[in-house]
């Protein structure tokens, strides 16, 4: 178990150099491969007809907001109490004003991302109240965790987004959390991020902080926030989500409508039925964004986890989860909406093999489905109840592999390397061939977190399991972290805004 | 950390019941999904032209067997020493007699597998000299390990094949190993298996043992052995492999020609160039099988692992590995040959998260590529230097998930479940719906090795990582193992054969 300090140091230096490279990586990936779709034209027609029928004959509840109901009525939907019903084709028609492709601007323009088309954006997990690391185990997350995780994502080149509630900072009062989260995203990372959806005034505060950081006029005319609004499946949008949707749509910011579905409980126990339900919920809700502000960016989101019909627990990395996602992408394409869905989900409690198998299955499914915005690509443990520190860097490595994969195969004359065959005799080797010398540094993807060496070398370096190597990498990244550049006056204005709003909110002014 | 014995027992019973079910599972899976291909017609034409040019201008060495060279010369290939060159189109023309689809018969007819077409067969790892389990760590494998592993694969429903050298039984003299391996496959498992390729007399012994188990006439007229012959890339087939190929082809048994390529060392450092090289090697070698016995079953195999151009070590679960496989499948389809390639490979030394990520990536790539025979689907550690006991049951669970995935999505009227939407109000739940009651037991895939429960329950049950649960499952399966039925006289004849041949071989008679 002896460890060679010098070798260890060399490895850390290489890792740091790699991380620095990563920080300059492309802000998103353009997919050059085809899509893996599982739904043919006939089945598409069935699902679309079923969704239309659900919206026409059953309808969807929009709760707690008479203004929304009035808006729907004015534009020809059939409103009965809080239940809204739609003639077939009505929603599809309204959705036409939403852009197929748009840019979410980061405060660092080099980090801005394309949403939709052939672009693929990889983003952190959203929502966990707990964090886990190998040293301290599982515990409630704090603002310090939120900041650490944002620092990690700033450094990881394969992660294109700073995310939203990367963990719940439970040591901060609920009504102040959105201020600290937006402040952290804007100051400790320069990638784009997500807006709060827990109350309309919190959405307004988040937009206001973006105006401070990026200029009022710019924010009023561009998408700088990307916010996920979950329906309460089946067929309900509640007051909180409705208000967030309205705030962001009015501000011209992106709303992703993502029905959160535990299949078998919140939808019927099949992929085909859940597709129709989710399509119905998304069509009605995205139509609303366009009634509020035609042209406001929106996306078709899905979160589908089949429940274990033995225990009722949600399951992840399942065949049905990926089947659902691949079919839903086709439905989103037909609506002309960018498609947002889940990445590396797992039910594992710790960064073990289960975490690896399930997260890779779900992430690879998302990559091959052509998901445009892959949320929960890094850090998920325990079905999003926990974000794992080690899991973040382990997942980021696999995001990088998937990005390379969807970049496609190079069939250029240089890549064909016919000269090499004439240079190397049968039975020889290509290590010294000119083509190898010219290309070896970039020819094949290289991960940071896999140990590919011999057993003997691995044993001599401490016989570390991947989560142990990941612990070391997390520490190294946090140690090496440097703040992204920000104008002092902007930083001061953001600090002032948080201080002022904190005082107001504590004083009872929302 | 208290453990409830009764709950634990219940779980083990459920697992045993599941394993019993598994043992009766379908012998292989028919893929109902499309293929994920990464090569378009233009690129196919480039690769095929390059392969033709390699065979025409450079040629391939067939070493140590004048008879083969004479056979090639007689049929019009250009022989120069041991180098054989081929006119463009010559190999492709000869390959036409190989069957597109064939059956490999198991001694239990219910276990026979289809090779080719839309069938997918999942098979164990091949070749590791070491085994690993959590209790005893890594050590040289023995015949007892070989037997244990064969018992596990007999019980695991998602594994369709008993494999070949599932581990090297290093406590048995090299010249006797093939006898014990074939005896084990034939007596402890009733699924189909693979033949020895290390010497022609060992191939003959293996065929002879199949004749004892399945009848001489049957074996002479049907494929009962599936054997992998590796070229020595680049562009060499050595004496040992050549002789094995000849033995099996003459006996009408299947030969898979699978160039073993560490990309960057044994082929140029690109996917495009390696594809041309592998296509050339496979075409020339499969053509030989057809010269020996037209109509003998054959398959197009690949094993491509990009080497780390920093350390020279092979890497697994990489984007290029999967890209290569998906492109090669298209090339195999164009030759009309079944396609054989790798499944759950990993460089991990232990059943950790790296093992999970890498194995899932490679296995999912194989499943979506439409690989007909997925070798190394279970058990791989350390890039096939080690078979892991826990890894076998962990991987088998993911094979089962992939099989469900490629079964496709059910869009039938029953699966659409429109009645359920009229039964459950918006905001309600579907747990009690008639459709759920009717379908919940089979609606969604359920794994054996994932813990999907709550953190609290998981902690109360011992906070086991997946490899710890896998250890328990391995013990349970070995404990529950029952011999498959075999006629006493056949068993006695097999025992006699092994005893007689052992005496002969020790006496110097091969």
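Residue numbers (my numbering), protein chains in the order written: chain A, 57 to 566; chain B, 57 to 566. From the three backbone atoms N, C-alpha and C, an ideal C-beta is built for every residue, glycine too.
Alpha carbon to alpha carbon, how far is residue 361 (chain B) from residue 325 (chain B)? Give it in angstroms, no decimals. In the second chain, counting from the first residue as 1, residue 325 (chain B) sits at position 269. In the second chain, counting from the first residue as 1, residue 361 (chain B) sits at position 305. Approximately 11 Å, taken between the alpha carbons.
Determine the burial state of residue 559 (chain B): buried for a count of at least 16 other Cβ atoms within 10 Å of its Cβ, exposed for fewer. If you number the second chain from 1, residue 559 (chain B) lands on position 503. Burial call: exposed.
Check whether the Cβ of residue 318 (chain B) sits closer than 7 Å to any heavy atom of the ligand MG, and report yes or no. Looking for the ligand MG in the displayed structure turns up nothing, as the structure carries no ligands at all.
Can you find a C-beta in chain B that's less than 8 Å from the C-beta of residue 190 (chain A)? If you number the first chain from 1, residue 190 (chain A) lands on position 134. Output row for residue 190 (chain A): interface = no.
Limits of the unbroken beta strand (DSSP E) element including residue 180 (chain B): What you label residue 180 (chain B) is simply residue 124 of the second chain in a count that begins at 1. Element bounds for residue 180 (chain B): 175-180.
Buried/exposed call for residue 556 (chain A), threshold 16 Cβ in 10 Å: Indexing the first chain from 1 puts residue 556 (chain A) at position 500. Residue 556 (chain A) comes out exposed.
Say whether chain A places a C-beta atom closer than 8 Å to the C-beta of residue 95 (chain B). On the second chain, residue 95 (chain B) is found 39 positions in, with the first residue counted as 1. Yes, because at least one Cβ of chain A sits closer than 8 Å to the Cβ of residue 95 (chain B).
Residues in the same chain with beta-carbon distance under 7 Å from residue 79 (chain A), minus the five sequence neighbours each way, listed in chain order, please. Along the first chain, read from residue 1 onward, the residue named residue 79 (chain A) stands at position 23. Low local confidence applies: a pLDDT of 46 at residue 79 (chain A) is under 50, so the model's placement there is unreliable, and no value is given.
Since residue 499 (chain B) and residue 329 (chain A) should fall inside the 8 Å C-beta cutoff, what is the C-beta to C-beta distance between them, to a whole number of angstroms? On the second chain, position 443 is the one that residue 499 (chain B) refers to. On the first chain, position 273 is the one that residue 329 (chain A) refers to. So it is not a contact: roughly 10 Å between Cβ atoms.
Starting from the Cα of residue 147 (chain B), find the closest Cα among B:173, B:89, B:222 and B:344 and give me that residue. Against the second chain, residue 147 (chain B) aligns to sequence position 91. Here the closest residue by C-alpha is B:344.
With a threshold of 16 other CB atoms inside 10 Å of the CB of residue 575 (chain A), please say whether the residue is buried or exposed. Chain A is shown from 57 up to 566; residue 575 (chain A) falls before or after that span and cannot be answered.
Proximity below 8 Å, CB of residue 340 (chain B) to CB of residue 303 (chain B): Residue numbering aside, residue 340 (chain B) sits at position 284 when the second chain is read from its first letter. Residue numbering aside, residue 303 (chain B) sits at position 247 when the second chain is read from its first letter. No, the pair does not count as a contact, with Cβ atoms beyond the cut-off.
Can you give me, in chain order, the residues of the segment 113-138 of chain B that have a beta carbon less than 8 Å from any beta carbon in chain A? 113, 114, 115, 116 and 117
So, is the C-beta of residue 383 (chain A) closer than 8 Å to a C-beta in chain B? Counted from its first residue, the first chain places residue 383 (chain A) at position 327. At least one chain B Cβ lies under 8 Å of residue 383 (chain A).
Starting from the Cα of residue 88 (chain A), find the closest Cα among A:354, A:287 and A:426 and give me that residue. In the first chain, residue 88 (chain A) corresponds to position 32, counting from 1. Of A:354, A:287 and A:426, the residue nearest in Cα terms is A:426.
Which residues, in chain order, does the segment 159-192 of chain B contribute to contact with chain A at a C-beta distance below 9 Å? 186
Applying a beta-carbon distance threshold of less than 7 Å, which residues of chain B neighbour residue 521 (chain A)? The sequence position of residue 521 (chain A) within the first chain is 465, counting from 1. In chain order: 406 and 408.
Taking a contact to mean a Cβ-Cβ separation below 8 Å, would you say residue 511 (chain A) touches residue 412 (chain B) in this structure? In the first chain, residue 511 (chain A) corresponds to position 455, counting from 1. In the second chain, residue 412 (chain B) corresponds to position 356, counting from 1. Taking 8 Å as the Cβ cut-off, residue 511 (chain A) and residue 412 (chain B) do not qualify as a contacting pair.
Range covered by the alpha helix (DSSP H) that runs through residue 556 (chain B): Locating residue 556 (chain B) in the second chain gives position 500, where the first residue counts as 1. Residues 544-562.
Span of the beta strand (DSSP E) around residue 383 (chain B): Here residue 383 (chain B) is taken as the residue at index 327 of the second chain, counted from 1. From DSSP, residue 383 (chain B) is part of no beta strand (DSSP E) but of the alpha helix (DSSP H) over 375-391.
Taking CB distances under 8 Å as the criterion, tell me whether residue 360 (chain B) reaches chain A. Translated into the one-based positions of the second chain, residue 360 (chain B) becomes position 304. It does not; no Cβ of chain A falls within 8 Å.
Does the beta carbon of residue 533 (chain A) come closer than 8 Å to any beta carbon on chain B? Within the first chain, numbered from 1, the residue matching residue 533 (chain A) stands at position 477. By this cut-off, residue 533 (chain A) is not an interface position.
Give me, in chain order, the residues of the same chain whose beta-carbon lies closer than 7 Å to that of residue 332 (chain B); leave out the 5 immediate sequence neighbours on both sides. On the second chain, residue 332 (chain B) is found 276 positions in, with the first residue counted as 1. The residues are 103, 106, 107 and 110.
Straight-line CA distance for residue 77 (chain B) to residue 418 (chain B)? Along the second chain, one-based indexing puts residue 77 (chain B) at 21. Along the second chain, one-based indexing puts residue 418 (chain B) at 362. Its pLDDT being 43, under 50, residue 77 (chain B) is placed unreliably in this model, and the value from its coordinates should be taken loosely. One C-alpha to the other measures close to 27 Å.
Please report the distance separating the alpha-carbon of residue 537 (chain B) from that of residue 456 (chain B). The residue you call residue 537 (chain B) lines up with position 481 of the second chain. The residue you call residue 456 (chain B) lines up with position 400 of the second chain. Using only the alpha carbons, I get a separation of about 20 Å.
DSSP state of residue 96 (chain A), grouped into three classes? Here residue 96 (chain A) refers to the residue found at position 40 when the first chain is read from its first residue. Here residue 96 (chain A) sits in coil by DSSP.
Identify which residue in B:173, B:231 and B:188 has its Cα closest to the Cα of residue 561 (chain B). Counting from 1 along the second chain, the entry for residue 561 (chain B) is found at position 505. The shortest C-alpha separation from residue 561 (chain B) is found at B:231.
May I have a chain-ordered list of the alpha helix (DSSP H) segments no shorter than 4 residues that lie completely inside the segment 196-246 of chain A? 199-211 and 230-244
Counting only beta-carbon atoms, is residue 299 (chain A) nearer than 8 Å to chain B? Walking along the first chain from the start, residue 299 (chain A) turns up at place 243. Not an interface residue.
Extent of the continuous alpha helix (DSSP H) run through residue 500 (chain A): Sequence index remark: in the first chain, residue 500 (chain A) carries index 444 (1-based). No alpha helix (DSSP H) contains residue 500 (chain A), which DSSP labels as neither H nor E.
Residues bridged to residue 458 (chain A) (per DSSP): Here residue 458 (chain A) is taken as the residue at index 402 of the first chain, counted from 1. None; residue 458 (chain A) has no bridge partner.
Contact set between the segment 235-249 of chain B and chain A, restricted to residues whose Cβ is under 9 Å from the partner: none
Hey, could you find the ends of the alpha helix (DSSP H) residue 424 (chain A) is sitting in? The residue labelled residue 424 (chain A) in the question sits at position 368 within the first chain. Residue 424 (chain A) -> alpha helix (DSSP H) spans 409-425.
How many Å lie between residue 386 (chain A) and residue 93 (chain A) at the Cα? Start at 1 with the first residue of the first chain, and residue 386 (chain A) comes out as number 330. Start at 1 with the first residue of the first chain, and residue 93 (chain A) comes out as number 37. Near 7 Å, if we compare the C-alpha coordinates of residue 93 (chain A) and residue 386 (chain A).
Proximity below 8 Å, CB of residue 296 (chain B) to CB of residue 305 (chain B): One-based indexing of the second chain puts residue 296 (chain B) at position 240. One-based indexing of the second chain puts residue 305 (chain B) at position 249. No, these two residues do not count as a Cβ contact at 8 Å.
Keeping to the same chain, check which residues put their C-beta closer than 6 Å to that of residue 447 (chain A); ignore five residues upstream and five downstream. Counted from its first residue, the first chain places residue 447 (chain A) at position 391. Here the set comprises 407, 435 and 437.
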